[in-house]
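Below is one structure; the comments refer to it alone.
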Amino acid sequence: MSTTIHVTSAGWMTTFQDLGRRDAERLGVPTGGAADQHSAAVANILVGNGYGDTLIESIGGELALVPEGNILVAVTGAPVDVTVNGARVEPWSPVVVPRSQELRIRETGGGMRTYLAINGHVHSERFLGSTAPDPRMGFTQKIGVGESLFVDTSFAGFKRDYFDQPLFRLPSPTLDFPANSWTIDIVEGRALEQIPSMRELLSESTYVVTDRSNHVGLRLDGPVAHPESDDEIVSHGVPIGALEVPHADELIVLGRYRTLTAGYPIVGFATRASLALLGQAGPGRHLRFRWVDHEAAVRKETQRRLSLDGLRFAVREAFDALGFSQP
Amino acid sequence: MTATVHIPLTVESFGDSAVMVSVTDDDQRVRRSAIVDLRERLLARRPHGVCDVVAGLESLLIEFDPITTSAIHIEYVVHLLAEMPPAGAVPENAARRHFDIPVVFDDETGPDLAEVADELGIGVPELVERICASRFTISLLAAAMAPMMDGLDVPRAVRRRREPRTNVPQGSIMIAGENAIIQPFPGPTGWRVIGRTPHTIVDIARESPVSFAPGDTVTFTSVSAADARRIDGEFLVAANG
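Heads up: the protein sequence lines correspond to chains A and B, in order.
Using full-length UniProt numbering, count along the first sequence one by one with no gaps and you end on 327.
Using full-length UniProt numbering, count along the second sequence one by one with no gaps and you end on 241.
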């Protein structure tokens, strides 16, 4: 069954999104995808979809949608107020939006990106197998006011005498957004040998995300040291979350649209488990770094993944009990 | 590529879910061909837990899922694959094409031209002459399918910019080290911008967004701004079809 959803407000920037493209890096196309992969995956799990299915990402302002049929949605990511037909509902939980009622999502500050998953298959164009935007290549995937989304969903609606919403209590692994500085776990990079003083600088300083940041990387103001020698580094691949010291006095944390040619000394790497928070950091955000060893980094990532699996099982049980079908 | 030569590889941890493979050989050509070969072997077999493989000029970044495998296992597999005889059907020297690319070299299209010439201790006309006399080979597709080339013939390696430029126009010709690259879309770069071609290099509306591939050769020819205007964004095709 196909449903049309009308976009009545699109915030600053709303796009189709997924977890990114695979095997495209050898064509020079970055993996891209949701900067906060954790929130994107949780949103999809909460509506019974696959982790990497197409969803909606919104940055800043207010997103509002009115479906022609009943839909089941979940909102995750940055702190938000969510309403359905004016009534408050919970983020990080499955939410029923009855036909012709408005879903409204307003960011309340603290994070950058909101994810909206819709039970079923969201129609969108693909480039190299993914719906993730690649604005640099002209694949913008923007969704504007007045446009419509098309979703194939088997969700049939939910109705009880006294409540419009089913009462879920699911173990959602939410992201925490501390009010002050955010702490990012990092492991050592090889350039620490040439710039040993960066070890202490990183652990003891506060860095501020500047507005020169973009989808390629976060550019941070804060103390850095440079290597003695200025040898040319041959271009090489760099993982997402690499902490680079360019020639200028700034620190770059590479994002999902990083390119091969960024050949600067790498002093550390954000751990996989801390990438979600980095993906939520906007201009003005204060970041602190904490050195951890590989075992600790992998342990945290393992816990995070177990929490996703746990949520998936809980959602399946709840949906079975309520008679919701999953795509 | 001969299988009998044992090429020493180093594999180092690169964050909690990647390793960097480099070849320790004095000969740059050996390093580069060994990396191309190893990438083919990895992609052909795709070891369990490997998510993506990113080739640099002389290195290979292998990204993996740290829950299903670990750096130690990946290192082991890389050494095993490197020691195996070649798979055989590796398309070598398939159909090499040559591209002769018109470029406008002036202060507007090449804002780093004068500074690079100064650094190399030569004049701007000589720098342009040397760039146009260089015969480049496309070694890989870099950001946004940009052709990354070796073969820049200048007195010594060209340094990157101290601070990356945030928005370089499409078609810009950029150099660093002994390499050149063409900017397919407007965007940031830390490379030195020395000229611009009026051709469209990448067009995602086409079924094949680019007409070139690694192994193809490139030369640059200096043209006037008036000549460039006549080309007006025409899609780049090979000189030898």
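Here a beta-carbon is modelled for each residue, glycine too, at the ideal position from N, C-alpha and C.
Proximal residues to residue i (C-beta, below 7 Å), its chain only, five neighbours per side dropped
i      : result
B:A133 : D153
B:T197 : I101, P102, V103, G171, I173 and I182
B:A239 : H98, F99 and D100
A:F139 : F127 and P133
A:V209 : L218, L220, A281, G282, P283, G284, R285 and L287
B:I231 : P102, P198 and H199
B:R135 : G151, T217 and T219
Own chain residues within Cβ distance below 8 Å of residue i, not counting five before or after
i      : result
B:V116 : L127, V158, I175, R192 and I194
A:S203 : F289, R290 and W291
A:S229 : Q194
B:R160 : A176, G190, W191 and R192
A:V145 : V7, T8, S9 and A10
A:E301 : T271, R272 and A273
Unbroken alpha helix (DSSP H) run spanning residue i, endpoints
i      : result
B:I72  : A71 to E83
B:S13  : Counting along the chain, B:S13 falls outside any alpha helix (DSSP H), though it belongs to the beta strand (DSSP E) covering L9 to S13.
A:M198 : S197 to E204
A:S307 : H294 to L322
A:L275 : L275 to L278
A:A281 : Per DSSP, A:A281 belongs to no alpha helix (DSSP H) and is neither H nor E.
B:A133 : V124 to A133
B:E115 : L113 to L120
Which of helix, strand or coil DSSP assigns to residue i
i                      : result
B:Q28                  : helix
A:H38                  : helix
residue 350 of chain A : Here chain A comprises residues numbered 1 to 327, so residue 350 of chain A is not present and cannot be evaluated.
A:R272                 : helix
A:D152                 : strand
B:D65                  : coil
A:P135                 : helix
A:L254                 : strand
A:I5                   : strand
B:P102                 : strand
A:L170                 : coil
B:L43                  : helix
A:A242                 : strand
A:E125                 : coil
B:L60                  : strand
A:E25                  : helix
B:D37                  : helix
A:A248                 : coil
Contacts of residue i in chain A (Cβ-Cβ under 9 Å)
i      : result
B:F14  : G189, R190, G237, V238, P239, A242, I266 and F269
B:M84  : Within chain A, no residue comes near B:M84; the closest Cβ sits about 21 Å away, beyond 9 Å.
B:R162 : P246, H247 and A248
B:T166 : R212 and N214
B:A228 : Under the 9 Å cutoff, chain A gives no residues; its nearest Cβ is about 22 Å from B:A228.
Listed by chain order, chain B residues near residue i by CB distance under 8 Å
i     : result
A:A40 : Simply none; closest approach about 16 Å.
A:T31 : D52
Terminal residues of the beta strand (DSSP E) in which residue i lies
i                      : result
A:H286                 : H286 to W291
residue 342 of chain A : Since the first residue of chain A shown is 1 and the last is 327, residue 342 of chain A is not available in this structure.
A:L72                  : I71 to G77
A:D185                 : W182 to E188
A:R113                 : R113 to I118
A:P67                  : E62 to P67
residue 329 of chain A : Chain A is shown only over 1 to 327; residue 329 of chain A falls outside these bounds and no answer can be derived.
A:G32                  : Premise fails: A:G32 is in no beta strand (DSSP E) and is neither H nor E.
A:V234                 : That residue, A:V234, is in no beta strand (DSSP E); it is neither H nor E in DSSP.
A:V216                 : Neither: A:V216 is in no beta strand (DSSP E) and is coded neither H nor E.
A:F16                  : M13 to Q17
B:S22                  : A18 to V23
A:L175                 : No beta strand (DSSP E) contains A:L175, which DSSP labels as neither H nor E.
Closer than 8 Å at the beta carbon, the chain A residues around residue i
i      : result
B:C51  : R22
B:V59  : Rather than Val, the amino acid found at residue 59 of chain B in this sequence is Ser. Going along chain A in sequence order, the residues near B:S59 (Cβ under 8 Å) are V234, H236 and G237.
B:P169 : Those do not exist, as B:P169 stays about 13 Å from chain A at its closest Cβ, beyond 8 Å.
B:I67  : V298, E301, T302 and R305
B:F185 : R136, M137 and G138
Interface residues of chain A facing residue i [CB-CB closer than 7 Å]
i      : result
B:I204 : F127, M137, G138 and F139
B:M145 : L27, G28 and V29
B:E63  : P239
B:G56  : V234, S235, H236, G237 and L260
Residues of its chain near residue i, where Cβ-Cβ distance is below 6 Å and the 5 sequence neighbours each way are ignored
i      : result
B:T2   : Only weak support exists for where B:T2 lies, its pLDDT of 44 falling under 50; the coordinates are left without a value.
A:S124 : F16, T54 and T131
A:P30  : Y257
A:V224 : V245, D249 and L251
A:G157 : N70
7 Å Cβ cut-off: residues of chain B touching residue i
i      : result
A:R272 : D16, S17 and P66
Residue i beta carbon near the ligand ADP (any heavy atom closer than 8 Å)
i      : result
A:T108 : Looking for the ligand ADP in the displayed structure turns up nothing, as the structure carries no ligands at all.
Quiz prompt | Sequence ranges, alpha helix (DSSP H) only - wholly within the stretch 139-192 of chain B, length at least 4 | solution = Counting only runs of 4+ residues, no alpha helix (DSSP H) is found wholly inside the stretch 139-192 of chain B.
Quiz item: At which residue ranges does the stretch 191-235 of chain B contain complete beta strand (DSSP E) runs of 3 or more residues, listed in the order of the chain?
Solution: With a minimum length of 3 residues, the continuous beta strand (DSSP E) runs that stay inside the stretch 191-235 of chain B are 192-196 and 217-222.
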